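Colleague: Under the numbering used here, the residues of the sequence shown are numbered 383 to 680, in order.
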Amino acid sequence: MQSPEIDMDLQEFRGILAEALSEGGTQPLLRLTDEEIAILDPDSLTECVAPTPRITQLSGQEREWVYATALRSLVSREAVEVTNIDELDAVLRAAFPNSGSDGADADSGDGTDPGSIPSGVDLDMRITPEVSLALTLRRTAARALAVEQHTSSGVTHMLVYIHAEDLYLVERVTGGGLHMFTLASSAKDAADMVQLFIDPFEVADKDGRVQQITPEQISDDNVGRALGEAINNALVVGQTVLLADAPGPLLTTYATDKDLWTVYVEKPNAPTGIEARAVGKTSLHRAITKLITPAVSS
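#1: Less than 8 Å between C-beta atoms, sequence neighbours within five positions excluded: which residues of the same chain meet that for Asp700?
#2: Are the CB atoms of Ile419 and Val462 nearer to each other than 7 Å?
#3: For the alpha helix (DSSP H) that contains Glu429, what are its first and last residues?
#4: Is the Cβ-Cβ distance between Ala516 and Val431 less than 7 Å?
#5: How many angstroms separate the CA atom of Thr635 from the CA atom of Gln577?
#6: Would the beta-carbon of Gly662 fall within 7 Å of that of Asp587?
#7: Can you name the start and end residues of the beta strand (DSSP E) that Glu547 belongs to?
#8: What is the DSSP secondary structure of Leu624, counted as helix, strand or coil?
#9: Assess, as a yes-or-no matter, whether the segment 449 to 459 is touched by the segment 533 to 547 under the definition of 3 or more beta carbon pairs within less than 8 Å.
#10: For Gly620, count the other beta carbons within 10 Å of its own beta carbon; 16 or more makes it buried, fewer makes it exposed. Which is it?
#11: Could you tell me the distance, in whole angstroms, from the CA atom of Thr671 to the CA atom of Thr434?
#12: Would DSSP call Gly558 helix, strand or coil?
#13: Mapping the DSSP letters down to three states, classify Pro650 as helix, strand or coil.
#14: Any idea what DSSP makes of Thr415, helix, strand or coil?
#15: Judging by CA-CA distance, which residue of Ala569, Ser601, His561, Glu460 is the nearest neighbour of Ile437?
#16: On a CA-only basis, which of Glu657, Ile421, Ser426 is nearest Val605? Give me that one, please.
#17: What is the DSSP secondary structure of Ile499, reduced to helix, strand or coil?
#18: Measure how close the beta-carbons of Ser567 and Gly407 come, nearest whole angstrom, since I'm counting them as under 8 Å.
#19: Are the beta-carbon atoms belonging to Asp589 and Ser665 less than 7 Å from one another?
#20: Drop a sphere of 10 angstroms on the beta-carbon of Met554, count the other beta-carbons inside from all chains shown, and report buried for 16 or more, exposed for fewer.
#21: In this structure, how does DSSP classify Ala669 when only helix, strand and coil are distinguished?
#22: Determine the direct distance from the alpha carbon of Gly630 to that of Ala660, and round the result to whole angstroms.
#23: In whole angstroms, what separates the C-alpha of Asp603 from that of Val464?
#24: By the three-class DSSP mapping on this structure, what secondary structure does Gly536 have?
#25: Anyone know if the C-beta pair for Ala523 and His539 falls short of 7 Å?
#26: Give the straight-line distance between the Cα atoms of Glu444 and Glu417, rounded to the nearest whole angstrom.
#27: Quick check on the DSSP output: the alpha helix (DSSP H) that includes Ile580 runs from which residue to which?
#28: Taking all protein chains shown into account, decide if Val592 is buried (16 or more other Cβ within 10 angstroms of its Cβ) or exposed.
Written out as structure tokens, the structure is:
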């Protein structure tokens, strides 16, 4: 099955985006599942930084079934238009044959395209501008902020794709593989979403004294009593890193039931420049905003 064309000209949509954001500000865009993204943009499964947690749990045969179901969902929601409906029916019949499978193809370790479904025909598939916009923005960002949220329930992710001072795409990925996209019109709004993600109980209270620590102290668990207690009692641990051509800073957060600590690393693997402290809401927001809008080199 041929992938739909999603590489839209961003300049073509610039006026529409600017007008929409100026009128409505930051706003939800759409939601897609792992398997729907696999149908719409199969190359992104290996080329984009956003995870697809549900797909990684499926065998080859299970992927064929969920991809066919995802295609039906996309068509019924009018997120895509398939003009050759007979060929669409052929795809769905191939995915759900009347006869049972002998299981020979159930193993996914044969190098098969992770975003393909058995068809034997090409679908003439067109996707809506809204879907095309989201997929294009997530593919074409030169810089992105990747955030992991670790809790007792598991790991979830948030990606902030940085395009301009008034254009950010925020993608939140649940542990079940639901991708929720939001258009943000400012670094402040994008930082607000990241802050709530890593401090969901809003325990960031007040700034503490900056503590300089070394990689050796971290590896030896010799970081002092206050930070050690925050690490051991954290209810939410956040890992935030700027992805760009040059390795970006790393911000680790530890949110307990009463406060939030940050460990800021200026450069990966640097022997110095690691700062730890308890922070308040304003300082946390400032640190996130700095990651989203780093200083421009002169």
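Glycine residues also receive a C-beta, built at the ideal position from the N, C-alpha and C atoms.
On a predicted model such as this, the values are computed, not experimentally measured, just so you know.
Modeller: The short version:
#1: Since the first residue of the chain shown is 383 and the last is 680, residue 700 is not available in this structure.
#2: Here the question's residue 419 lines up with position 37 in the sequence shown. Here the question's residue 462 lines up with position 80 in the sequence shown. Not closer than 7 Å, so no.
#3: Position 47 of the sequence shown holds residue 429. That run of the alpha helix (DSSP H) goes 426 to 429.
#4: Counting from 1 along the sequence shown, the entry for residue 516 is found at position 134. Counting from 1 along the sequence shown, the entry for residue 431 is found at position 49. Going by C-beta atoms, Ala516 is not nearer than 7 Å to Val431.
#5: By one-based count along the sequence shown, residue 635 stands at place 253. By one-based count along the sequence shown, residue 577 stands at place 195. For Thr635 and Gln577, the distance between alpha carbons rounds to 10 Å.
#6: Along the sequence shown, one-based indexing puts residue 662 at 280. Along the sequence shown, one-based indexing puts residue 587 at 205. In this structure, Asp587 lies closer than 7 Å to Gly662 by Cβ.
#7: Position 165 of the sequence shown, counted from the first residue, corresponds to residue 547. Per DSSP, Glu547 belongs to no beta strand (DSSP E) and is neither H nor E.
#8: For the purposes of this step, residue 624 is identified with residue 242 of the sequence shown, where counting begins at 1. Of the three classes helix, strand and coil, the one that applies to Leu624 here is strand, per DSSP.
#9: no
#10: As a working note, residue 620 is residue 238 in the sequence shown. It counts as buried.
#11: Translated into the one-based positions of the sequence shown, residue 671 becomes position 289. Translated into the one-based positions of the sequence shown, residue 434 becomes position 52. Approximately 26 Å, taken between the alpha carbons.
#12: In the sequence shown, the residue the question calls residue 558 occupies position 176. Three-state DSSP puts Gly558 in coil, outside helix and strand.
#13: Numbered from 1 along the sequence shown, position 268 holds the residue referred to as residue 650. Looking at Pro650 - three-state DSSP - the assignment turns out to be coil, as it is neither helix nor strand.
#14: Working through the sequence shown from its first residue, we reach residue 415 at position 33. Thr415 falls in the strand class under three-state DSSP.
#15: Indexing the sequence shown from 1 puts residue 437 at position 55. For Ile437, the nearest C-alpha among the options comes from His561.
#16: Taking the sequence shown and counting its residues from 1, the one referred to as residue 605 is at position 223. When C-alpha distances from Val605 are compared across Glu657, Ile421, Ser426, the shortest belongs to Glu657.
#17: Taking the sequence shown and counting its residues from 1, the one referred to as residue 499 is at position 117. Unreliable positioning characterises Ile499 in this predicted model, as indicated by a pLDDT of 47, which lies under 50. A coordinate reading is not provided.
#18: Within the sequence shown, residue 567 is the residue found at index 185, counting from 1. Within the sequence shown, residue 407 is the residue found at index 25, counting from 1. That belief holds up - the Cβ atoms of Ser567 and Gly407 are roughly 5 Å apart, short of 8 Å.
#19: Here residue 589 refers to the residue found at position 207 of the sequence shown. Here residue 665 refers to the residue found at position 283 of the sequence shown. Yes; because the gap between Cβ atoms is below 7 Å, this pair is in contact.
#20: For the purposes of this step, residue 554 is taken as residue 172 along the sequence shown, with counting starting at 1. Note on identity: in this sequence residue 554 is Arg, with Met being the wrong assignment. It is buried - the Cβ of Arg554 has at least 16 other Cβ atoms within 10 Å.
#21: Taking the first residue of the sequence shown as 1, we reach residue 669 at position 287. In this structure, Ala669 counts as helix in the three-state DSSP scheme.
#22: Taking the first residue of the sequence shown as position 1, residue 660 is located at position 278. Taking the first residue of the sequence shown as position 1, residue 630 is located at position 248. Their Cα atoms are separated by approximately 22 Å.
#23: Locating residue 603 in the sequence shown gives position 221, where the first residue counts as 1. Locating residue 464 in the sequence shown gives position 82, where the first residue counts as 1. Going by the C-alpha atoms only, they are around 57 Å apart.
#24: Translated into the one-based positions of the sequence shown, residue 536 becomes position 154. Residue state, collapsed to three classes: strand.
#25: Here residue 523 refers to the residue found at position 141 when the sequence shown is read from its first residue. Here residue 539 refers to the residue found at position 157 when the sequence shown is read from its first residue. No, they are not a contact pair.
#26: Here residue 444 refers to the residue found at position 62 of the sequence shown. Here residue 417 refers to the residue found at position 35 of the sequence shown. Each residue's Cα considered, the two are about 11 Å apart.
#27: By 1-based counting over the sequence shown, the position of residue 580 is 198. Unbroken alpha helix (DSSP H) run through Ile580: 569 to 580.
#28: Walking along the sequence shown from the start, residue 592 turns up at place 210. Classification for Val592: exposed.
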